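Enquirer:
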Amino acid sequence: MYDLSDILNQTGNIKKEILIDSINSIDSIDLIGVNISISVYDVKDSNNNMSYGLNSKQSDKNVNKEGTNDHFIKNLNKNNIFTTKPNLKKKKEGREEELYENYNNLYNITKEIPMFNSSVVNVHKPSCNIPKSIENMFIHMSLKQKIQYFVDQNQRVYDIVRDQVYKGIPDQIRGFAWQILVDSYAYMVTDKQCVDNLCNGYNIINIGTISNHKNSNVNDINDIDEGSYNDKNERVKWYNHYLSINNKYERAIRKDINRTYPNHILFKNKYEKGQQILFNILKAYSNYNKDLGYCQGMAFIVATFILYMNETDAFFMLIALLDRFKLNDLFSYDMPLLNEYLFILDKLIFYFLPEVHKHLEKENVHSSMYASQWFLTLFSYNINIFYVTRIWDFLFIHNTNTFLFKIAIAFFKLQKEVLLKESFEEILNRLKVISKNVDLDVLIKTALELKIKKGLITKLSSQYKMQK
Amino acid sequence: MAQAHRTPQPRAVPSQPRAFKLVLLGSGSVGKSSLALRYVKNDFKNILPTVGCAFFTKVVDVGTASLKLEIWDTAGQEKYHSVCHLYFRGANAALLVYDITSKDSFLKAQQWLKDLEKELHPEEVLVMLVGNKTDLSEEREVTFQEGKEFAESQKLLFMETSAKLNYQVSEVFSAVAQELLQRDDREDQAPQEDAAVALNEGPARQAKCCAH
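Top to bottom, those sequences are chains W and Z. Residue numbering for the first sequence follows my numbering, beginning at 1 and increasing consecutively. Residue numbering for the second sequence follows my numbering, beginning at 1001 and increasing consecutively.
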């Protein structure tokens, strides 16, 4: 359904080191249509002998199709892009040098990345007779089987990544993985009302959008193949639709475009691609969600998406993110959710780090002074980009805003001793750029160890509403 | 409810300079952060839009006395209005910044003034109107006269600046600092009664910085 080539092209900003690092750490990954399944070998960190990796068995979902026993993954491999060198193991040595040399031509590299297990990905070019889409598999499944399939697949992805990826999702597939985790692919449904109706449950969306799609012609293979392209075209079409409407937010958006990540090569120059894409997505979103429109802070989130995915995907990702994580009120008029979050954060500091809370109070430092930008940009403001992506990995994997609070509390925990000695001004400066003061791995680890349950957040949230 | 109420203690320990809180208000991308950056670090560069708020301090010498300015830089987008209210509580001074190349931003500054007056007593806070970006004078939409007249009608201080060219930036802050000190001294001498408030009204707010 989604071209793997697109996905890899989207990661056009991969840093050399990360690329190499990820290549070394990934042995096999297969991407299964709408649902990603990541199977990564154990990654041994030679220094501390710790296993960061994931170990999951390859999915052998055999589909009985016209007497053959094909892995359905074959069907997915319609563009046949990872078919260059099946004998990957042999080529691994000396690859690093090669990669450095070829770095300028990223597309070529990604074509050669030994990330797809040759045993899984079919190396033959699919002939025109081979069905091109995952949907063919479903023809032979009952509704119950389809539902089960998606439940299994979703569960598997979560099982794999949930608590284990300390090192973060590998950069090449990060954009794709985020979209899967947030389930932004489900947003093919175009009418907002329609999306709202569908969004009552996580699994329903998967099933709803896929199995309902083109179900009238479900027996005709050709039609379905077209259908899978249409899904993609539909998204583009609707994106373009929202993009074509002019509205009052344009000026406000334009003001911020050249001020978002001004040092990043993609956004550096006026009228260049990055800035234009950023503008387009924000404009399209302000049309999609007229009540919310545009709010400063969103630009940083979208800019980070753009680093990992194409324009249309980033647009749907933004929709999915605000919807799934119920962040709408973070950006709507008067920002009610921001105040709520600030309240919750304050309480959490009080519960977990009473000394820090006392000190902050004494120094008159309130959460609104430093944490507004944390929440409004989901930590993407004024922070090292590597921190954001790692934080988001877990935000999306855990699928709850709780992780944002965990990061905040983890930061305070790690900086406790220093903070307690500091005064108003020093504290605020320290909190301004959190990536400066704590190590990323330590921050993530500390955050994951914190026992902040979702229930606690819910409780504090209702406490806030009561008080209001 | 979240509160960013912080009232600096103007007369704390004698050895330490008195602290005053100053907020920068105005619509988006008029140059609030740039003014602060120019003044505090004498730098000008492409800066991120302010999300929430930013905070700077600077110690200013006014004659023999010195005072510490706590500069609160706020987000300009209208949506942030409610959030900004949190920041300007307890402020001793406010800079209402507009962009001289944007009539709209000038009108917004007037709106800000109304908001500010709702929140704070006019006597409590010293307000200065600042027209920024004089380096773009060929695109000017708000004349110096317009700015000055509005400031005078509302008894505000007024100046035009260019953060880019470092034109009159430190003058703005020194003028505010000076005025703050004078007010403070007057308050010192005045009896701490309600009557003192009325006493401070009026002439002190004259636009004396319009030396142009």
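In this text, a Cβ means the ideal position worked out from N, Cα and C, and glycines have one as well. Please read all numbers here as calculations on a predicted model, not as lab measurements.
1. Can at least three beta-carbon pairs, one atom from the region 1161 to 1175 of chain Z and one from the region 1139 to 1152 of chain Z, be found at a separation below 8 Å?
2. Residues in the same chain with beta-carbon distance under 8 Å from L1025 (chain Z), minus the five sequence neighbours each way, listed in chain order, please.
3. Please check if any C-beta of chain Z sits within less than 8 Å of the C-beta of Q275 (chain W).
4. Considering just the uninterrupted stretch of the alpha helix (DSSP H) at K416 (chain W), what are its terminal residues?
5. Indicate whether N429 (chain W) and N1046 (chain Z) have their beta-carbon atoms separated by less than 8 Å.
6. Using a beta-carbon distance cut-off of less than 9 Å, what residues from the region 365 to 387 of chain W approach chain Z?
7. Can you give me the Cβ contacts of I383 (chain W) inside the same chain, cut-off strictly under 7 Å, excluding the 5 residues immediately before and after it?
8. Is the CB of E425 (chain W) under 8 Å away from at least one CB in chain Z?
9. When you compare only the Cα positions, how much space is there between E422 (chain W) and N364 (chain W)?
10. Near F1056 (chain Z), which residues of its chain fall below 6 Å by C-beta distance, leaving aside the five closest residues on each side in sequence?
11. By the DSSP assignment, the beta strand (DSSP E) with A1019 (chain Z) in it spans what residues?
12. In the DSSP assignment, the beta strand (DSSP E) including S291 (chain W) goes from what residue to what residue?
13. Check whether the region 366 to 377 of chain W and the region 336 to 344 of chain W touch, using three or more Cβ-Cβ pairs below 8 Å as the test.
14. Nearest to L360 (chain W) by CA position, among W:L419, W:A252, W:Y308, is which residue?
15. In this structure, what does DSSP give as the bridge partners for I1071 (chain Z)?
16. Would you list the residues sitting across from G1131 (chain Z) in a DSSP beta bridge?
17. At which residues does the alpha helix (DSSP H) containing Q296 (chain W) begin and terminate?
18. Cβ atoms of R174 (chain W) and T400 (chain W): under 8 Å apart, would you say?
19. Helix or strand or just coil, what does DSSP make of L181 (chain W)?
20. Using the C-alpha atoms, what's the distance from L1129 (chain Z) back to E1152 (chain Z)?
21. Please classify M1159 (chain Z) as buried or exposed, where buried requires at least 16 neighbouring CB atoms within 10 angstroms.
22. Give every residue of the same chain whose Cβ lies closer than 7 Å to the Cβ of N105 (chain W), excluding the five residues on either side of it in the sequence, and list them in chain order.
23. Name the residue from W:H264, W:N263, W:K255 whose alpha carbon lies nearest to the alpha carbon of F279 (chain W).
24. Considering only C-alpha positions, which residue in the set Z:P1049, Z:V1127, Z:K1103 is nearest to K1155 (chain Z)?
25. What residue does the alpha helix (DSSP H) around R1089 (chain Z) start on, and which one ends it?
26. Secondary structure at L345 (chain W), three-state DSSP: helix, strand or coil?
27. Let me know if D1185 (chain Z) comes out buried or exposed under the rule of 16 or more other beta-carbons within 10 Å of its beta-carbon.
28. Between Q179 (chain W) and M369 (chain W), is the Cβ-Cβ spacing less than 8 Å?
29. Relative to the C-alpha of I405 (chain W), which candidate in W:Y288, W:S332, W:Y351 has its C-alpha closest?
30. Count the other C-beta atoms from every protein chain shown that fall within 10 angstroms of the C-beta of H1121 (chain Z), then say buried if there are 16 or more, exposed otherwise.
31. Please report the Cβ distance between S1082 (chain Z) and D334 (chain W), rounded to the nearest whole angstrom; I am assuming they are in contact, meaning their Cβ atoms lie under 8 Å.
32. Q1110 (chain Z) lies in the alpha helix (DSSP H); which residues open and close that run?
33. Applying a beta-carbon distance threshold of less than 8 Å, which residues of chain Z neighbour L404 (chain W)?
34. L327 (chain W) and V302 (chain W): beta carbons closer than 8 Å?
35. Return the chain-ordered list of same chain residues with a C-beta closer than 7 Å to the C-beta of F411 (chain W), the five sequence neighbours on each side being excluded.
36. Using 8 Å for Cβ pairs, my map puts D478 (chain W) next to I169 (chain W). What's the rounded Cβ distance?
Expert: Concretely, from the data shown:
1. Segments in contact, no.
2. Position 25 of the second sequence holds residue 1025 (chain Z). The beta carbon of L1025 (chain Z) sits closer than 8 Å to the beta carbons of K1032, T1074, C1084, F1088, A1094, L1095, L1096, V1097, A1109, W1112, L1116 from its chain, once the five residues preceding and following it are set aside; these are given in chain order.
3. On the first sequence, position 275 is the one that residue 275 (chain W) refers to. No, because no Cβ of chain Z sits closer than 8 Å to the Cβ of Q275 (chain W).
4. If you number the first sequence from 1, residue 416 (chain W) lands on position 416. Taken as a continuous stretch (DSSP letters only), the alpha helix (DSSP H) holding K416 (chain W) covers 402 to 421.
5. Here residue 429 (chain W) refers to the residue found at position 429 of the first sequence. Here residue 1046 (chain Z) refers to the residue found at position 46 of the second sequence. The answer is no: Cβ separation not under 8 Å.
6. Taking 9 Å as the cut-off between beta carbons, the residues of the region 365 to 387 of chain W near chain Z are V365, H366, S367, S368, M369, Y370, A371, S372, Q373, W374, F375, L376, T377, Y381, N382, in sequence order.
7. Taking the first residue of the first sequence as position 1, residue 383 (chain W) is located at position 383. Counting only Cβ-Cβ distances below 7 Å, and skipping sequence neighbours, we find V433, I434, S435.
8. Locating residue 425 (chain W) in the first sequence gives position 425, where the first residue counts as 1. It does; some Cβ of chain Z falls within 8 Å.
9. For the purposes of this step, residue 422 (chain W) is taken as the residue at position 422 of the first sequence. For the purposes of this step, residue 364 (chain W) is taken as the residue at position 364 of the first sequence. If you take the alpha carbons of E422 (chain W) and N364 (chain W), they lie about 12 Å apart.
10. Taking the second sequence and counting its residues from 1, one reaches residue 1056 (chain Z) at position 56. Only A1036, V1040, I1071 meet the Cβ criterion.
11. Taking the first residue of the second sequence as position 1, residue 1019 (chain Z) is located at position 19. For A1019 (chain Z), the enclosing beta strand (DSSP E) stretches over residues 1018 to 1025.
12. Start at 1 with the first residue of the first sequence, and residue 291 (chain W) comes out as number 291. For clarity, residue 291 (chain W) is Asp in the given sequence; the question names Ser instead. Careful: D291 (chain W) lies outside any beta strand (DSSP E) and carries neither H nor E.
13. Cβ pair count under 8 Å is three or more, so yes.
14. As a working mapping, residue 360 (chain W) is identified with position 360 in the first sequence. In this structure, W:L419 is the residue among W:L419, W:A252, W:Y308 with its C-alpha nearest to the C-alpha of L360 (chain W).
15. Here residue 1071 (chain Z) refers to the residue found at position 71 of the second sequence. The partner list for I1071 (chain Z) (beta bridge, DSSP) reads Z:L1022, Z:F1056.
16. Position 131 of the second sequence, counting from 1, holds the residue named residue 1131 (chain Z). Beta-bridge partners assigned by DSSP to G1131 (chain Z): Z:Y1098, Z:E1160.
17. Taking the first sequence and counting its residues from 1, one reaches residue 296 (chain W) at position 296. First-last for Q296 (chain W): undefined, no H or E at that position.
18. Taking the first sequence and counting its residues from 1, one reaches residue 400 (chain W) at position 400. Taking the first sequence and counting its residues from 1, one reaches residue 174 (chain W) at position 174. In this structure, R174 (chain W) does not lie closer than 8 Å to T400 (chain W) by Cβ.
19. Translated into positions along the first sequence, residue 181 (chain W) becomes position 181. Secondary structure at L181 (chain W): helix, using DSSP grouped into helix, strand and coil.
20. By 1-based counting over the second sequence, the position of residue 1152 (chain Z) is 152. By 1-based counting over the second sequence, the position of residue 1129 (chain Z) is 129. The straight-line gap separating the alpha-carbon atoms of E1152 (chain Z) and L1129 (chain Z) is approximately 10 Å.
21. By 1-based counting over the second sequence, the position of residue 1159 (chain Z) is 159. By the 10 Å Cβ count, M1159 (chain Z) comes out buried.
22. The sequence position of residue 105 (chain W) within the first sequence is 105, counting from 1. Below a pLDDT of 50, predicted positions are generally treated as unreliable, and N105 (chain W), at 35, falls in that range; the measurement from the model is reported next regardless. Once the five neighbours on either side are set aside, N105 (chain W) has no close Cβ partner at all.
23. Start at 1 with the first residue of the first sequence, and residue 279 (chain W) comes out as number 279. The residue among W:H264, W:N263, W:K255 with its C-alpha nearest the C-alpha of F279 (chain W) is W:K255.
24. Reading the second sequence from its first residue, position 155 is the one you call residue 1155 (chain Z). Nearest option by C-alpha distance: Z:V1127.
25. In the second sequence, the residue the question calls residue 1089 (chain Z) occupies position 89. If you look at R1089 (chain Z), you'll find it isn't in any alpha helix (DSSP H); DSSP assigns it neither H nor E.
26. Mapped onto the first sequence, residue 345 (chain W) falls at position 345. When DSSP states are grouped into helix, strand and coil, L345 (chain W) belongs to the helix group.
27. The residue labelled residue 1185 (chain Z) in the question sits at position 185 within the second sequence. Per the 10 Å Cβ criterion, exposed.
28. On the first sequence, position 179 is the one that residue 179 (chain W) refers to. On the first sequence, position 369 is the one that residue 369 (chain W) refers to. In this structure, Q179 (chain W) sits away from M369 (chain W), with a CB-CB distance that is not shorter than 8 Å.
29. Start at 1 with the first residue of the first sequence, and residue 405 (chain W) comes out as number 405. Position check: residue 405 (chain W) holds Phe in this sequence, whereas Ile was assumed. Comparing alpha-carbon positions, the option among W:Y288, W:S332, W:Y351 lying closest to F405 (chain W) turns out to be W:Y351.
30. Taking the first residue of the second sequence as 1, we reach residue 1121 (chain Z) at position 121. It is exposed - the Cβ of H1121 (chain Z) has fewer than 16 other Cβ atoms within 10 Å.
31. Against the second sequence, residue 1082 (chain Z) aligns to sequence position 82. Against the first sequence, residue 334 (chain W) aligns to sequence position 334. Cβ-Cβ separation between S1082 (chain Z) and D334 (chain W): approximately 4 Å, consistent with a contact (criterion under 8 Å).
32. Position 110 of the second sequence, counted from the start, is the residue given in the question as residue 1110 (chain Z). Per DSSP, Q1110 (chain Z) belongs to the alpha helix (DSSP H) from 1103 to 1119.
33. Position 404 of the first sequence, counting from 1, holds the residue named residue 404 (chain W). None at all; the shortest Cβ gap to chain Z is about 15 Å.
34. Reading the first sequence from its first residue, position 327 is the one you call residue 327 (chain W). Reading the first sequence from its first residue, position 302 is the one you call residue 302 (chain W). It is not a contact, given that the beta carbons lie outside the stated cut-off.
35. Locating residue 411 (chain W) in the first sequence gives position 411, counting from the first residue. I434, V438, L443, listed in sequence order.
36. Lying before the first or after the last residue shown, residue 478 (chain W) is absent from chain W, which here runs from 1 to 468.
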